[in-house]
Amino acid sequence: MENNLMYERQNGFAGLDNQTKGEIYSFCEEYKQALTKAKTEREFCDLSVELLDKAGFVSLDSKDSLKPGDRVYAVNRGKGVTAFVIGKEPIENGLNIVGAHIDSPRLDLKPNPLYEEGKMAYLKTHYYGGIRKYQWLSIPLSLHGVIIKKDGTKVQVNIGEGEDDIVFCIADLLPHLAQNQAGKKLSEAFEGEKLNVIAGNVPADVDKDKKKYAVMEILNQKYGIVEADFVCAELELVPAFGAKDTGFDRSMIAGYGHDDRVCAYTALKAIIDTKTPEKTAVCMLVDKEEIGSLGNTGMQSRFFENILAKLCDKLNNNYNELLVRGCLSNSSCLSADVGAAFDSNFADVYERGNASYINEGLLITKYTGARGKSSASDANAEFVAKICRIFDESDVKWQCAELGRIDVGGGGTIACYLANLDIEVIDVGVTLLGMHSPYEIAGKFDIYMAYKGYKAFMNS
Ligand SMILES: [Zn+2]
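In numbering that gives the first Met the number 0, the protein residues as written are 0 to 459.
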C-alpha cells in the first residue's frame with residue numbers, strides 16, 4: 000500500500016538490470032545514426048521509406064485489396080509518409096495512430112539568395128520555425144535540399160556532411176566592437192535579415208558582381224544550375240555536426256533535430272516491429288509542424304483523410320464515406336512530440352512539481368497551449384487513463400508534465416488537428432533540454448521508452 004499510495008518519480012536507469020540497459024544503449028546507437036544521416040524532412044522521409052521497404056511494407060497504390068497483417072505506406076510529396084499495418088478488427092472500429100513531425104527549425108535559403116556585399120559573396124536565409132537567432136552564428140552549417148531545373152530534373156544537394164566537404168558559416172560580431180549590440184534587448188540584438196551565410200570570396204573576370212558571378216560559375220559547373228533555378232528550390236541550412244553521446248555515463252544524446260525525429264524514429268521502429276495488431280496501426284510522419292502545420296504536407300492537409308479513404312476502399316472494395324468517418328471517430332492517437340525538460344540553469348521558467356525530467360520516462364502532456372490553456376488540445380481524462388493503463392501493463396515508465404511555468408510562454412503540436420477529426424488524442428513524447436537549438440539533448444532511457452510505449456499503443 001505504501002508503495003502505491005504516492006506517485007514516485009525517479010531516474011529510469013536507477014536499479015535497472017544490465018540487459019535492459021544494454022538494449023537501450025544499442026537501440027540508441029541506431030537512432031544516433033539516423034539523426035546524423037537524415038537532417039531534413041525529405042531526407043527523413045527517404046530514410047523511413049528505406050526502412051519500411053526493408054521491413055516488408057509496400058506502397059498502398061501497389062495493392063488492389065488489403066487483409067489483416069498487410070503492411071502498406073503512402074508518401075506525401077517526398078516530405079511525409081504514413082504507414083499502416085492492417086489489424087484483425089474491422090477498420091470501422093478505428094485506428095491506433097502515432098503521429099510525429101519530421102521538419103525541424105533551420106535556416107532556409109531565400110528564392111533569390113545570392114548577393115555580393117562588402118567584397119564578399121553571401122547567401123540570404125529566411126529562418127524556419129522558432130529559432131533563437133544568436134544560436135545560428137559561428138557554427139558549421141551544411142546545405143541540404145533539392146533544386147528543380149527547368150527541364151524537370153531534380154538536383155539533390157548535400158554539402159557539408161562529408162569529411163572533405165566545405166561547411167557554411169554566419170560570422171558573428173567580435174566582442175571588441177559589440178558594445179552597442181550588447182546593450183540591446185536579446186530580441187532586437189539579432190536580426191533575421193542579418194543571418195547571411197558566406198558563399199565565396201574569389202572574384203571572377205567579369206565587370207560587375209564578380210564574386211557572386213564566380214560562385215554561380217562553380218554552382219553551374221557542379222550542378223548545371225543557373226541563378227534563376229534558386230527560385231525552384233528548397234535548400235535548407237542545418238548544423239553540420241552529427242549526434243553524439245553526452246554525459247560521462249553516456250546516458251544522453253546531443254544532436255540536431257531530436258524535435259521531432261526522436262518521436263518519428265521511435266514511432267517508425269514501433270510500427271516496423273508490429274505484426275498483426277487487433278486494430279489497424281498507423282505511423283504518421285508529417286511536415287510543417289514547426290510553422291503551423293499548414294500546406295499540403297502539414298497535418299492540416301486532407302492528405303490523411305484521402306489516403307484513409309483509399310485504404311478503406313481497398314479493404315472493403317467499395318468506397319463509403321460513412322465508413323471513413325466512422326473509422327476516424329473510433330480512432331485513438333498519440334501525438335508524438337517533444338517536451339521541455341527541467342533545466343536548473345533556467346529553473347525560474349519551470350514549476351518543479353509539474354516539470355518533466357531527463358530519463359524519467361516517456362512524457363505524457365495532457366494539454367499544451369499558453370496563457371490559461373489557450374489553443375490547447377486537452378485530452379479527455381478517460382483517454383489519459385486508458386493510455387496510462389496501456390503503458391503500465393507493458394512496463395513503460397512514464398512521467399506527466401506541463402511545458403513550463405504558467406504565463407511564461409507555451410506551445411502546441413499536431414494534436415489539435417487530429418482532435419478536429421474527432422479522434423481521441425494526447426501528446427506523448429520525449430522530453431528535451433535545449434529544444435529548438437542546433438544541439439538538443441535527449442535521454443536514452445526516454446528514447447527507448449518512447450519506442451516501447453508507441454509499440455504497446457499500436458498493439459493495444
Ligand atoms: Zn516538435
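Each residue gets a CB set at the ideal place from its N, CA and C atoms; glycine is no exception.
From the options, residue whose alpha carbon lies closest to that of residue i
| i | options | result |
| --- | --- | --- |
| THR412 | LYS38, ASP102 and TRP135 | ASP102 |
| GLY325 | ASP63, ILE357 and PRO89 | PRO89 |
| ASP445 | GLU190, LEU417 and THR19 | THR19 |
| LEU142 | LYS132, GLY128, LYS153 and THR124 | THR124 |
| PRO202 | ALA380, VAL154, ALA177 and GLY117 | GLY117 |
| ALA266 | LYS221, ALA449, GLU439 and LYS184 | ALA449 |
| ASN344 | GLY144, GLY433, MET119 and ASN316 | GLY433 |
| PRO276 | PHE83, ALA33, GLN32 and GLU162 | PHE83 |
| GLY371 | GLY403, TYR447 and PHE43 | GLY403 |
| TYR447 | GLY291, LYS309, TYR24 and ILE270 | TYR24 |
| LYS62 | ILE386, TYR126, CYS415 and CYS311 | CYS311 |
| GLU462 | LYS148, LYS211 and GLU192 | The requested residue 462 does not occur in the structure, where the chain is confined to residues 0 to 459. |
| GLU155 | HIS100, ASP286, GLU115 and CYS231 | Looking at the sequence provided, one finds Gln at residue 155 rather than Glu. Of the listed residues, the one whose Cα sits closest to GLN155 is CYS231. |
| ASN10 | ALA418, ILE425, ALA455 and LYS396 | LYS396 |
| ALA280 | ASN317, GLY98, GLY256 and PHE382 | GLY98 |
| PHE303 | LEU59, LYS385, LYS38 and GLU49 | LEU59 |
| ALA384 | ARG131, GLY14 and PHE456 | PHE456 |
| SER250 | ASP52, CYS27, LEU108 and LEU4 | CYS27 |
| VAL237 | GLN220, ILE130 and ASN111 | ILE130 |
| LEU172 | ASP164, LYS207, GLY151 and TRP135 | TRP135 |
| ASN200 | ALA213, LYS207, ALA188 and GLU190 | ALA213 |
| LEU185 | GLU22, LYS132, GLY294 and ASP164 | LYS132 |
| GLU320 | CYS332, ILE306 and LEU333 | ILE306 |
| LEU46 | PRO437, GLN178, GLU187 and ARG260 | ARG260 |
| LYS209 | ALA263, GLU288, GLY144 and MET119 | MET119 |
| LEU333 | ILE165, TYR356 and HIS100 | HIS100 |
| ILE158 | GLU235, VAL71 and GLU187 | GLU235 |
| VAL145 | LEU34, PRO110 and SER292 | PRO110 |
Residue environment, residue i, which counts as buried when at least 16 other CB atoms sit within 10 Å
| i | result |
| --- | --- |
| ILE217 | exposed |
| GLN398 | buried |
| MET215 | buried |
| THR364 | buried |
| ASN358 | buried |
| VAL225 | exposed |
| GLU401 | buried |
| HIS175 | exposed |
| ASP258 | buried |
| VAL74 | buried |
| SER373 | exposed |
| PHE69 | Per the sequence shown, the amino acid found at residue 69 is Asp instead of Phe. With 16 or more other Cβ atoms within 10 Å, it is buried. |
| PHE247 | exposed |
| PRO104 | buried |
| ILE464 | Absent from the structure is residue 464, since the part of the chain shown begins at 0 and ends at 459. |
| THR81 | buried |
| LEU122 | buried |
Short Cβ contact (8 Å threshold) for residue i with residue j
| i | j | result |
| --- | --- | --- |
| ILE252 | LYS36 | no |
| LEU409 | ALA354 | In the sequence as presented, Leu is not what sits at residue 409; that position holds Gly. Going by C-beta atoms, GLY409 is not nearer than 8 Å to ALA354. |
| PHE229 | LEU106 | no |
| SER330 | ILE96 | yes |
| TYR453 | ALA335 | yes |
| MET464 | TYR416 | Absent from the structure is residue 464, since the part of the chain shown begins at 0 and ends at 459. |
| ILE197 | ALA170 | yes |
| ASP421 | SER300 | no |
| VAL337 | VAL429 | yes |
| VAL285 | ALA308 | no |
| LYS78 | ARG41 | yes |
| TYR492 | LEU194 | No information on residue 492 is available, as it lies outside the stretch 0 to 459 that the chain covers here. |
| LEU362 | VAL427 | yes |
| ALA441 | THR367 | no |
| ALA242 | LYS31 | yes |
| LYS451 | SER393 | yes |
| LYS268 | GLY86 | no |
Three-way DSSP call (helix, strand, coil) for residue i in this model
| i | result |
| --- | --- |
| ALA253 | strand |
| ARG131 | coil |
| SER374 | coil |
| ASN315 | helix |
| PHE12 | coil |
| TYR366 | coil |
| MET434 | coil |
| LEU94 | strand |
| LEU463 | The first residue shown for the chain is 0 and the last is 459, placing residue 463 beyond what the model contains. |
| GLY199 | strand |
| LEU173 | coil |
| LEU136 | coil |
| ARG105 | strand |
| LYS209 | helix |
Check your understanding: Which residues count as close to ligand 1 when the rule is a CB under 7 Å from any of its heavy atoms, in chain order?
Key -> My final list is HIS100, ASP258, ASP259, GLU288, GLU289, ASP336, VAL337 and THR412.
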